[in-house]
Amino acid sequence: MNGLKRGSAAIVGVAESDIGSVAAGMSPLDLMAQGIHRALRDCGLRKRDVDGVFCATTQARTSAMSLCEYLNLPSAYTDSTIVGGSSFEVHVAHAQAALAAGLCNVAVIAYGSTQRTIGRRQASAREYNPYETPFRPFLPASAYALAASRHMQEFGTTREQLAEVAVAAREWALLNPVAWEKTPLTIEDVLSARPVSHPFTVRDCCLITDGGGAIVMMSVDDARSLGKPPVYVLGYGQAITHASISSMPDLTFTGARESGAAAYKMARMRETDIDVVELYDAFTINTILFLEDLGFCPKGEGGRFVSGGRIGPKGSLPVNTNGGGLSYCHPGMYGLFLLIEAVRQLRGECGGRQVKQAETALVHGNGGVLSAQATVILGTQAALTA
Amino acid sequence: MANATTSPLATYIEHLERGELAFQFSPEANAAIFYPRVICPFTGSDKLEWRISKGTGTVYATTVVYPQKGEPYNVALINVDEGFRMMSRVEDIAPLDVRIGMRVKFRVHPAADDEPPYPVFTPAEGAP
Numbered sequence: 001m002n003g004l005k006r007g008s009a010a011i012v013g014v015a016e017s018d019i020g021s022v023a024a025g026m027s028p029l030d031l032m033a034q035g036i037h038r039a040l041r042d043c044g045l046r047k048r049d050v051d052g053v054f055c056a057t058t059q060a061r062t063s064a065m066s067l068c069e070y071l072n073l074p075s076a077y078t079d080s081t082i083v084g085g086s087s088f089e090v091h092v093a094h095a096q097a098a099l100a101a102g103l104c105n106v107a108v109i110a111y112g113s114t115q116r117t118i119g120r121r122q123a124s125a126r127e128y129n130p131y132e133t134p135f136r137p138f139l140p141a142s143a144y145a146l147a148a149s150r151h152m153q154e155f156g157t158t159r160e161q162l163a164e165v166a167v168a169a170r171e172w173a174l175l176n177p178v179a180w181e182k183t184p185l186t187i188e189d190v191l192s193a194r195p196v197s198h199p200f201t202v203r204d205c206c207l208i209t210d211g212g213g214a215i216v217m218m219s220v221d222d223a224r225s226l227g228k229p230p231v232y233v234l235g236y237g238q239a240i241t242h243a244s245i246s247s248m249p250d251l252t253f254t255g256a257r258e259s260g261a262a263a264y265k266m267a268r269m270r271e272t273d274i275d276v277v278e279l280y281d282a283f284t285i286n287t288i289l290f291l292e293d294l295g296f297c298p299k300g301e302g303g304r305f306v307s308g309g310r311i312g313p314k315g316s317l318p319v320n321t322n323g324g325g326l327s328y329c330h331p332g333m334y335g336l337f338l339l340i341e342a343v344r345q346l347r348g349e350c351g352g353r354q355v356k357q358a359e360t361a362l363v364h365g366n367g368g369v370l371s372a373q374a375t376v377i378l379g380t381q382a383a384l385t386a
Numbered sequence: 001m002a003n004a005t006t007s008p009l010a011t012y013i014e015h016l017e018r019g020e021l022a023f024q025f026s027p028e029a030n031a032a033i034f035y036p037r038v039i040c041p042f043t044g045s046d047k048l049e050w051r052i053s054k055g056t057g058t059v060y061a062t063t064v065v066y067p068q069k070g071e072p073y074n075v076a077l078i079n080v081d082e083g084f085r086m087m088s089r090v091e092d093i094a095p096l097d098v099r100i101g102m103r104v105k106f107r108v109h110p111a112a113d114d115e116p117p118y119p120v121f122t123p124a125e126g127a128p
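Chains as they are written, first to last, in the working numbering: chain A, 1 to 386; chain B, 1 to 128.
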């Protein structure tokens with residue numbers, strides 16, 4: 001029970017900032033502002049309409065303060081909750097609550113990162129953990145690799161099945177004109193790529209790009225007066241099970257079980273009601289774990305489930321339709337891009353990768369090392385009233 | 001209330017300096033606690049006892065890191081027999097040969113330069 005009301009708020013505007021490799025000297029705040037500018041234009045609102053600022057980045061310790069300065073919004077309601085890559089799914093719930101409470105009327109949720117330009121170490125300094133750092137895990141990859149080792153041991157998940165996830169993401173990316181990766185990928189390519197943290201090669205790992213963006217949210221009554229159809233927030237749930245991988249209760253079960261169950265309950269839906277699935281694929285094992293924990297297949301069956309291209313463009317379940325963090329864009333924290341793609345799918349704006357008759361989308365954010373799980377279920381007007 | 005005279009981390013490291021793998025036990029939760037803390041995460045109580053592990057455990061998960069420079073090395077999660085899990089490394093074996101379910105035994109990696117001692121493990125096949 002989270003107190004949020006099904007469909008009380010909607011996402012009305014979405015946009016990426018520049019992504020991939022951005023101009024030298026661009027700051028994370030520049031990218032947030034660019035995303036906000038474009039997202040406001042997407043829905044026909046102006047900067048002066050904004051009175052709620054939600055943001056997170058690893059490159060600005062006080063990002064909401066910096067963004068209020070940048071946008072000259074001294075009176076804005078602010079929230080810079082940061083729980084890793086799923087921060088933006090959390091922001092959706094916080095913005096929905098703030099809109100319902102009258103704390104703001106037009107909320108923007110923004111992200112920006114220049115980690116490719118300035119280097120990952122500069123963009124996101126690792127905190128020293130006396131119980132992990134001495135062992136030099138290559139984080140975050142090694143944490144997810146440990147989870148993969150456990151999944152392979154318990155359920156017989158294979159290297160090839162992990163690679164299927166990367167191949168499907170690449171096939172979707174080839175349909176997305178702004179995706180970073182432009183060339184086909186085979187299972188053999190994934191297996192023979194440079195090893196990073198066993199069993200992962202570099203092709204099991206998300207991209208390291210720059211990028212940012214923004215979404216605009218309003219209460220349902222305000223949202224309907226704008227030019228584009230609102231995309232309603234139908235369900236939300238979150239679960240933060242740990243921060244460090246050595247404290248994860250069970251490496252084969254994630255908090256997506258709890259966050260997904262809460263989101264389905266609020267949305268009055270189940271997995272069979274979902275048309276489009278956007279899962280935070282920082283590593284290939286993520287997609288498998290989340291498909292299981294969100295009910296799309298039984299626990300342990302994820303590897304077999306993704307085989308044969310089932311989650312690719314020709315498959316039966318459309319997953320990560322923009323190409324995902326693996327092949328489209330992954331600027332450090334990816335959660336906002338899941339929301340942007342889901343909204344575009346529900347508006348029918350996705351061209352060659354458009355999922356037919358998409359009325360509902362499940363967005364699942366992941367933060368830290370399988371730590372902070374947050375599920376958002378979105379829907380069209382038809383889904384809202386169904 | 002007077003300030004604490006030592007931290008959970010300092011106590012843990014003092015034990016390592018004596019060759020001991022220490023962990024906390026929460027009597028109220030009847031559970032081992034690791035990493036060391038000031039309160040029990042299950043009950044919220046500050047009644048935590050320090051205990052010394054026998055130093056035996058089982059590999060729960062394993063990976064091999066391939067650094068850009070240098071040799072590949074193991075990183076593992078170890079289920080220690082007293083009922084807690086920790087990150088460590090299994091030594092004296094090729095890193096890719098570390099297997100989930102393998103029995104392992106603790107030893108201290110000694111302090112070096114500014115780095116305090118830390119616990120590593122070695123294969124202990126046949127150990128109970």
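Glycine residues also receive a C-beta, built at the ideal position from the N, C-alpha and C atoms.
- Contact check between the stretch 61-69 of chain A and the stretch 345-356 of chain A: fewer than three CB pairs, one atom from each, fall below 8 Å, which does not count as touching.
- Here the C-alpha atom of Gly70(B) lies approximately 51 Å from the C-alpha atom of Ala267(A).
- For Phe84(B), the number of other beta carbons within 10 angstroms of its own is at least 16, and it is reported as buried.
- About 5 Å separates the Cβ atoms of Glu132(A) and Met87(B), confirming a contact at the 8 Å cut-off.
- Among the residues of the stretch 187-219 of chain A, those with a Cβ less than 7 Å away from any Cβ of chain B are Pro195, Val196, Ser197, His198, in the order of the chain.
- Distance from the CA atom of Gly3(A) to the CA atom of Asp210(A), rounded to whole angstroms, is 36 Å.
- Residues of the stretch 128-139 of chain A with a Cβ closer than 7 Å to any Cβ of chain B, in chain order: Pro130, Tyr131, Glu132, Pro134, Phe135, Arg136, Pro137, Phe138.
- With fewer than three CB-CB distances shorter than 8 Å, the stretch 313-325 of chain A does not count as touching the stretch 134-151 of chain A.
- Two segments are said to touch when three or more pairs of C-beta atoms, one from each, lie closer than 8 Å; by this definition the stretch 211-223 of chain A touches the stretch 4-18 of chain A.
- Proximity of Arg120(A) to chain B, defined by a Cβ-Cβ separation below 8 Å, is not satisfied.
- Excluding sequence positions up to five before and after Arg38(A), its CB lies within less than 6 Å of the CB of Ala15, all in the same chain and listed in chain order.
- Between Pro36(B) and Tyr60(B), the beta carbon gap of about 19 Å keeps them out of contact (Cβ cut-off 8 Å).
- Residue-level contact by beta carbon holds for Arg89(B) and chain A, with a gap shorter than 8 Å.
- If you check the CB distance, Gly367(A) and Ser86(A) come in under 8 Å.
- At least one CB of chain A lies nearer than 8 Å to the CB of Val64(B).
- In summary, the residues of the stretch 106-117 of chain B whose CB is separated from some CB of chain A by less than 8 Å are His109, Glu115, Pro116, in the order they occur in the chain.
- By the 16-neighbour rule on beta-carbons within 10 angstroms, Thr272(A) is exposed.
- Contact annotation, Val65(B) with Ala76(B): C-beta distance approximately 11 Å; criterion of less than 8 Å not satisfied.
- Judged by beta-carbon spacing, Ala372(A) lies beyond the 8 Å limit of Thr284(A), meaning their Cβ atoms are not closer than that value.
- By the rule that beta-carbons nearer than 8 Å mark a contact, Ala61(B) touches chain A.
- Cβ atoms of Tyr334(A) and Gly213(A) stay farther apart than 8 Å, at about 11 Å.
- Residue contact check for Ala383(A) against chain B: no CB pair falls below 8 Å.
- In the three-state DSSP reduction, Tyr264(A) falls in the helix class (H, G or I).
- Taking a contact to require three or more Cβ pairs closer than 8 Å, the stretch 173-189 of chain A and the stretch 146-155 of chain A do not qualify as touching.
- In the DSSP assignment, Met65(A) falls within the alpha helix (DSSP H) that extends over 63-71.
- Pairing Thr122(B) with Arg99(B) gives a Cβ-Cβ distance that is not under 8 Å.
- Gly57(B) and Glu292(A) have their alpha carbons spaced roughly 29 Å apart.
- Around the beta carbon of Gly379(A), 16 or more other beta carbons lie within 10 angstroms, which makes this residue buried.
- A Cβ of chain B is located within less than 8 Å of the beta carbon of Ser149(A).
- Annotation: Ala193(A) to Ile39(B) spans about 45 Å, alpha carbon to alpha carbon.
- Taking a C-beta distance under 8 Å as the contact criterion, Ile288(A) and Val306(A) qualify as a contact pair.
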